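Residue numbers (the UniProt record's numbering): 1 to 263. Ideal Cβ placement from N, Cα and C applies to all residues, glycine included. Nothing here was measured: the structure is a model prediction, and the numbers come from that model. These notes concern the structure reproduced below.
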């Protein structure tokens with residue numbers, strides 16, 4: 001993937017110009033739905049059974065919102081929301097392999113899924129690819145917005161680097177908070193590790209998420225660019241981000257946990 005060429009591609013530049021307040025509102029509504037229902041799952045009544053209900057409700061509502069935007073906001077940024085969602089869905093299915101490693105392959109900070117009656121794909125709840133698709137929209141769309149603003153003032157490469165650093169940091173912080181809510185909601189938690197974020201999350205997880213989202217802008221540029229039919233680009237971009245997910249978690253685990261006795 002030639003990152004600079006992808007960022008300069010006319011179709012991608014046109015797509016950035018189409019981003020509109022209507023697309024912003026759709027993104028914000030999806031973000032608010034996800035956060036609101038996650039808080040309800042974490043702190044509301046009903047325990048784990050209610051938590052499972054709210055995760056499905058939130059993901060299905062956000063999926064419908066982002067996919068509908070592709071037609072409802074044609075020429076106003078809807079293509080970016082829908083394209084990021086489809087790209088994220090491919091990445092989410094690829095992430096199932098990474099989840100298998102996090103559940104069965106790591107010595108410290110093992111991922112433990114909690115809902116006892118959830119359908120499972122490999123080692124993950126069946127809804128996990130949908131969750132990744134929503135997260136990729138909700139971090140990928142502001143990456144596009146930020147890059148579009150910076151690219152008016154900076155050359156392509158500095159604008160892209162600045163965007164990637166901001167979104168990577170945002171991913172580490174926001175998804176780190178989400179890990180706490182997931183534990184509260186009874187969705188998953190982590191076994192003890194050498195470096196922990198409180199008692200609920202191994203620190204290599206939010207670090208890995210910060211690292212993987214450094215790649216979101218070039219991945220989005222490829223998915224929304226030109227050169228081949230759009231579905232092929234979205235599949236390629238989703239597969240590339242699945243690799244970034246594995247690389248992010250793997251590098252973070254090597255930095256914080258690998259080769260160290262649990263103490």
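Of 119, 83 and 158, the smallest CA-CA separation from residue 12 is found for 83. At the C-beta level, residue 7 and residue 170 stay beyond 8 Å of one another. Restricting attention to 200, 204 and 215, the CA atom closest to the CA of residue 250 is found in 204. For residue 172, the CB contacts under 7 Å within the same chain, skipping 5 residues up- and downstream, are 206, 207, 209 and 210 in chain order.
For residue 123, the closest of 164, 104 and 141 by C-alpha to C-alpha distance is 104.
DSSP, reduced to helix, strand and coil, places residue 125 within a strand of the structure shown. Looking at the DSSP output, residue 196 shares a beta bridge with 202. If you draw a straight line from the Cα of residue 263 to the Cα of residue 81, it comes to about 44 Å.
Under the three-state reduction of DSSP, residue 187 is assigned to coil, being neither helix nor strand. In the structure shown, residue 111 falls within a strand segment according to DSSP collapsed to helix, strand and coil.
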